[in-house]
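Enquirer: Chains as they are written, first to last, in the working numbering: chain U, 3 to 255; chain C, 3 to 255.
There are 2 protein chains.
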Amino acid sequence: MGTTQLESVPEPKYWHLRTVLSEALDSEFEVGEILPNERDLAARFGVARATLRQALEQLELEGRLQRRRGVGTTVAPPRVGVAVGTPDHTWPGTADDAWQPADCRLAAPPAAVADALETDRDEPVHTVRRSRVSHGQPVAAELLYVPPASVPELTAIDAPSGPARARAVLRELQRGDLERQESAVELGSAGADDAKELDRLPGAPVLVVTTRYLAGGRTAALSVATYRADTCRLTFGESGDVQIHHGPQTQAS
Amino acid sequence: MGTTQLESVPEPKYWHLRTVLSEALDSEFEVGEILPNERDLAARFGVARATLRQALEQLELEGRLQRRRGVGTTVAPPRVGVAVGTPDHTWPGTADDAWQPADCRLAAPPAAVADALETDRDEPVHTVRRSRVSHGQPVAAELLYVPPASVPELTAIDAPSGPARARAVLRELQRGDLERQESAVELGSAGADDAKELDRLPGAPVLVVTTRYLAGGRTAALSVATYRADTCRLTFGESGDVQIHHGPQTQAS
DNA sequence: TAGTGGTCTAGACCACTGA
DNA sequence: CAGTGGTCTAGACCACTAG
C-alpha cells in the first residue's frame, strides 16, 4: 500500500478507499495475511475510522476480507462453492453428507411454512435443525420442516428428541422418492441463533435458500437454510464450478 | 410505534431497534407508506442518528424498507420472485423475454472469463449488455460473453454496434441447441455502472449470478448478471414460488 | 493486560428530490 | 427552496481475544 493520500474526487471517500484497498489486496497481500489495524489504516489514509470501516465493510461483503473482534482483519480465501441445486447435496442422507443433525422438535411451524406444506396452521411438524460444514468451516444452518405424513413409519420410541431423533426423522424421510425440488435464494441477515452457529455476529449477511421437496405429488418437506454470504458461493446444476466474479463489475466504455 | 424508549439490554441498540421497527412495520404500516424522517425517528427512540441508520440499513438489506435520497424511507413491497434456473428465462430470445439488449461490443474479456470460455486471453468475444425488467422495475444488469465460434453465421454487416448488433448476436446464438446450464450465486456490490442501471447507489448489495451455457459439448456463452438484492428473490426450478422467509430466523428453544 | 474490532454519540456538511 | 437521505468527523467506551 504505497500511497497514503486520497485525491479529491467527486466519488465518496469510502468507495474510492475500497477500490484502493482492493487493488492493494490483489497485489501486495497473501491469503490469510493480517492487515494493519483500523486506527492505523485510517490514519495512513487520512480519514476517520468510521470512513475506513465503511470501506472494510464493503470488502467484507464481497468476501475479500474477514474481520474478527479481538483478533484483526485478514485477507479472506476465495469463496467456497457449495452445491445446493441437486438433491444429492440437500436431500437428507445422501452419500457425501456434509450435513450434521443437531436437534429435532415437534412443534407448530410459522404460518407461512404451514401454508406451503399445506398443513393446518396449528398442526405440529417435525422441525429438524442441521448445520452444514465445508472445509472445516460452518457454512450453513438449516431448519427442515417435515410433516408427520411424510414419515408415517416413524415410531415415537426411536428417540424423544435431540440429534438421535433428528437422524431417525431424516432416515424415514429418505424412504420416500423425491421427484424434484424447487429453490429460491434471497439475501437476509442472520438471527442470533443462526449467527452463533455460523460463527458470525447477529445481522451478518446470509443467503437464505428456501427449498420445497416434492415427493408423491405432495410437498414432502420444506427447508429454510441460511448460508454465510461472505464465504459461500452457491452452485446450481452439476456443480460446474464457475469462478468469475471478483469485485464490482466495471465496464470500460 | 407506541413506545419511544429502549430498555437496557445486553444486545446492541441497533439490533434491538431493528426488531422493534420490524414489528412496527408488520402491524402499523402499509406497503408504500413513508416513515418519519431519520432525525425524528432517532429522537423518538433516544438514539443517535447513526445508530438509527444502522437499524434501517439492516431492514433495507432484508428487503423491508426502501430508502431514496431526497425523498424518504418507504415500506417496501414483498420481494419479487425472478426465475433464473431455467433456460426459458435466461437463454436469449425465449418467449416471455424480459431482457432488453442495451449494447454490444467486440473486445477481449477479463482473463477469468476467457479461461472459462476456453478461448485465448486476448481473443475478442462479443460482449452483450442487457438489462432485465420486472413489474416495471429494473431488476438485473447482465454482461453476456459470446465467443465468435458460437455465432458462426453472424455477418459483420448486420449492425456495427449498439442494441441492433446485440439483437443480432442473440438471434444467432439462439440457433444453437442449449444442452444445459450451470449457475452460481454469490453476494456482491454494484459497481458504478451497474448501480446506475439498477437505479441504486454504488456499493448496493447485489446477487451475482454467473451462468455457463453449454451447447454442442462446448461453453457457448457465459453470463455474469447482477440482481438487486433488496428487491429480488431468485427462483430455481419450475418457478415454484415459495415465499417463506421474513426477517432473521428465530428459534424458540 | 494490551490490542483488536464493534458500538455509539453529537455534531457538520453534501447531494438530491420535489414543490 | 426546504426537507430528505448520504457522507464524514473525532472522539468515547465496550466486548472479545490472546499472550
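Note that beta-carbon positions come from the ideal geometry of N, C-alpha and C, so glycine has one too.
Any C-beta of chain C sitting closer than 9 Å to the C-beta of Pro140 (chain U)?
Expert: Start at 1 with the first residue of the first sequence, and residue 140 (chain U) comes out as number 138. No, its Cβ sits nowhere closer than 9 Å to a Cβ of chain C.
Enquirer: Does Arg123 (chain C) pass the burial test, meaning 16 or more other C-beta atoms within 10 Å, or should it be called exposed?
Expert: The count along the second sequence starts at 1 and reaches residue 123 (chain C) at position 121. Classification for Arg123 (chain C): exposed.
Enquirer: What would DSSP say about Pro150 (chain U), mapped onto helix, strand or coil?
Expert: Numbered from 1 along the first sequence, position 148 holds the residue referred to as residue 150 (chain U). Of the three classes helix, strand and coil, the one that applies to Pro150 (chain U) here is helix, per DSSP.
Enquirer: I'd like the list of long-range same chain contacts for Ala118 (chain C), defined as Cβ closer than 8 Å, with 5 residues on each side in sequence excluded.
Expert: Here residue 118 (chain C) is taken as the residue at index 116 of the second sequence, counted from 1. Excluding positions up to five away in sequence, the list reads Arg214, Thr221, Leu224.
Enquirer: Kindly examine the ligand FMN and report whether one of its heavy atoms sits closer than 8 Å to the Cβ of Glu13 (chain C).
Expert: The model depicted lacks the ligand FMN and carries no ligand whatsoever.
Enquirer: Phe31 (chain C) by DSSP, collapsed to three states: which one?
Expert: Taking the second sequence and counting its residues from 1, one reaches residue 31 (chain C) at position 29. DSSP places Phe31 (chain C) in the coil class of the three-state scheme, outside both helix and strand.
Enquirer: I need the boundaries of the beta strand (DSSP E) containing Ala110 (chain U), first residue and last residue.
Expert: Within the first sequence, numbered from 1, the residue matching residue 110 (chain U) stands at position 108. That residue, Ala110 (chain U), is in no beta strand (DSSP E); it is neither H nor E in DSSP.
Enquirer: Kindly indicate the opening and closing residues of the beta strand (DSSP E) around Leu63 (chain C).
Expert: Start at 1 with the first residue of the second sequence, and residue 63 (chain C) comes out as number 61. Run containing Leu63 (chain C): none in the beta strand (DSSP E); it sits in the alpha helix (DSSP H), 51-63.
Enquirer: When you compare the CB of Trp17 (chain U) with every CB in chain C, is at least one pair closer than 9 Å?
Expert: Here residue 17 (chain U) is taken as the residue at index 15 of the first sequence, counted from 1. For Trp17 (chain U), at least one C-beta of chain C is nearer than 9 Å to its own C-beta.
Enquirer: Just the Cα atoms here: how many angstroms apart are Val33 (chain U) and His128 (chain U)?
Expert: Taking the first residue of the first sequence as position 1, residue 33 (chain U) is located at position 31. Taking the first residue of the first sequence as position 1, residue 128 (chain U) is located at position 126. Answer to the nearest angstrom: the Cα atoms are 42 Å apart.
Enquirer: Express the C-alpha separation of Leu67 (chain U) and Thr121 (chain C) in angstroms, rounding to a whole number.
Expert: Here residue 121 (chain C) is taken as the residue at index 119 of the second sequence, counted from 1. Here residue 67 (chain U) is taken as the residue at index 65 of the first sequence, counted from 1. Taking the straight line joining both Cα atoms gives about 31 Å.
Enquirer: Residues of the region 181-197 of chain U in Cβ contact with chain C at a cutoff of 7 Å, in chain order, please.
Expert: Arg182, Gln183, Glu184, Ser185, Ala186, Val187, Glu188, Leu189, Gly190, Ser191, Ala192, Gly193, Asp195, Asp196
Enquirer: Just reading off the alpha helix (DSSP H) that Val208 (chain U) is part of, what are its end residues?
Expert: Here residue 208 (chain U) is taken as the residue at index 206 of the first sequence, counted from 1. Run containing Val208 (chain U): none in the alpha helix (DSSP H); it sits in the beta strand (DSSP E), 207-217.
Enquirer: Based on Cα-Cα distance, which residue from U:Val115, U:Ser152, U:Ala100 lies nearest to Glu174 (chain U)?
Expert: Counted from its first residue, the first sequence places residue 174 (chain U) at position 172. Comparing Cα-Cα distances from Glu174 (chain U) to each of U:Val115, U:Ser152, U:Ala100, the minimum goes to U:Ser152.
Enquirer: Please report whether the beta-carbon of Pro14 (chain U) lies at a distance below 9 Å from any beta-carbon of chain C.
Expert: Here residue 14 (chain U) is taken as the residue at index 12 of the first sequence, counted from 1. Chain C contact via Cβ: present.
Enquirer: Going by the beta-carbon positions, is the gap between Arg55 (chain C) and Glu40 (chain C) smaller than 9 Å?
Expert: Within the second sequence, the letter at position 53 stands for residue 55 (chain C). Within the second sequence, the letter at position 38 stands for residue 40 (chain C). Yes, these two residues count as a Cβ contact at 9 Å.
Enquirer: For Gly1 (chain U), tell me which candidate among U:Leu180, U:Lys198, U:Arg107, U:Val208 has the shortest Cα-Cα distance.
Expert: This structure gives no information on residue 1 (chain U), because the portion of chain U shown stretches from 3 to 255.
Enquirer: Assuming Gly164 (chain U) is part of the alpha helix (DSSP H), what are its boundary residues?
Expert: Numbered from 1 along the first sequence, position 162 holds the residue referred to as residue 164 (chain U). Annotation: the continuous alpha helix (DSSP H) that includes Gly164 (chain U) extends over 164-176.
Enquirer: Just to make sure I have the definition right: I need the residues of chain C whose C-beta is within less than 8 Å of the C-beta of Glu64 (chain U). Which are they?
Expert: Counting from 1 along the first sequence, the entry for residue 64 (chain U) is found at position 62. Going along chain C in sequence order, the residues near Glu64 (chain U) (Cβ under 8 Å) are Leu189, Gly190, Ser191.
Enquirer: What are the residues of the region 160-172 of chain U that lie near chain C, defined by any Cβ-Cβ distance shorter than 7 Å?
Expert: none
Enquirer: Where does Arg71 (chain C) land, buried or exposed, given buried means 16+ other C-beta within 10 angstroms?
Expert: Residue mapping note: residue 71 (chain C) aligns to position 69 of the second sequence, counting from 1. Under this definition Arg71 (chain C) is an exposed residue.
Enquirer: Return the chain-ordered list of same chain residues with a C-beta closer than 7 Å to the C-beta of Val191 (chain U), the five sequence neighbours on each side being excluded.
Expert: Looking up residue 191 (chain U) in the first sequence gives position 189. For the record, residue 191 (chain U) in the displayed sequence is Ser; it is not Val. Excluding residues within five positions, the ones whose Cβ falls inside 7 Å are Gly205, Ala206, Pro207, Val208.
Enquirer: Hey, Arg177 (chain C) and Glu155 (chain C): beta-carbon distance below 9 Å or not?
Expert: As a working mapping, residue 177 (chain C) is identified with position 175 in the second sequence. As a working mapping, residue 155 (chain C) is identified with position 153 in the second sequence. Against a cut-off of 9 Å, the Cβ pair of Glu155 (chain C) and Arg177 (chain C) comes out as a contact.
Enquirer: Identify whether Arg81 (chain U) lies in helix, strand or coil by the three-state DSSP scheme.
Expert: Stepping through the first sequence from its first residue, residue 81 (chain U) is reached at position 79. Coil.
Enquirer: Which class does Val22 (chain U) belong to by DSSP, given the choice of helix, strand or coil?
Expert: Counting from one through the first sequence, the residue named residue 22 (chain U) turns up at place 20. Val22 (chain U) falls in the helix class under three-state DSSP.
Enquirer: Closest Cβ-Cβ distance between Arg20 (chain C) and chain U: below 9 Å?
Expert: Residue 20 (chain C) sits at position 18 when you count from the first residue of the second sequence. Using a CB distance cut-off of 9 Å, Arg20 (chain C) counts as an interface residue toward chain U.
Enquirer: So the candidates are U:Val135, U:Arg46, U:Gly65; which of them puts its Cα closest to the Cα of Pro103 (chain U)?
Expert: Taking the first sequence and counting its residues from 1, one reaches residue 103 (chain U) at position 101. The residue with the shortest Cα to Cα distance from Pro103 (chain U) is U:Val135.
Enquirer: From the DSSP output, in three-state form, read off Ala118 (chain U) for me.
Expert: Within the first sequence, numbered from 1, the residue matching residue 118 (chain U) stands at position 116. It is helical.
Enquirer: So what does DSSP say about Glu40 (chain U), is it helix, strand or coil?
Expert: As a working note, residue 40 (chain U) is residue 38 in the first sequence. Residue state, collapsed to three classes: helix.
Enquirer: Rank C:Gln183, C:Ser185, C:Gly193, C:Tyr147 by C-alpha distance to the C-alpha of Val171 (chain C) and give the top, closest one.
Expert: Taking the first residue of the second sequence as 1, we reach residue 171 (chain C) at position 169. With distances taken between CA atoms, Val171 (chain C) lies nearest to C:Tyr147 out of C:Gln183, C:Ser185, C:Gly193, C:Tyr147.
Enquirer: Within the 9 Å Cβ cut-off, does Asp232 (chain C) reach chain U?
Expert: Within the second sequence, residue 232 (chain C) is the residue found at index 230, counting from 1. Yes, its Cβ sits closer than 9 Å to a Cβ of chain U.
Enquirer: In or out: Ser29 (chain U) buried (at least 16 other Cβ within 10 Å) or exposed?
Expert: Numbered from 1 along the first sequence, position 27 holds the residue referred to as residue 29 (chain U). When all chains shown are included, Ser29 (chain U) counts as exposed.
Enquirer: Residues bridged to His137 (chain C) by DSSP?
Expert: Numbered from 1 along the second sequence, position 135 holds the residue referred to as residue 137 (chain C). Answer is none; His137 (chain C) lacks a bridge partner.
Enquirer: Could you tell me if Arg51 (chain U) is buried or exposed, where buried requires 16 or more neighbouring beta carbons within 10 angstroms of its beta carbon?
Expert: In the first sequence, residue 51 (chain U) corresponds to position 49, counting from 1. Exposed, by the Cβ-count rule.
Enquirer: Which of the three DSSP states, helix, strand or coil, is assigned to Glu144 (chain C)?
Expert: Here residue 144 (chain C) is taken as the residue at index 142 of the second sequence, counted from 1. Three-state DSSP puts Glu144 (chain C) in a strand.
Enquirer: For a contact meaning CB atoms closer than 8 Å, what does Arg81 (chain U) contact in chain C?
Expert: Indexing the first sequence from 1 puts residue 81 (chain U) at position 79. Neighbours of Arg81 (chain U) on chain C, chain order: Glu188.
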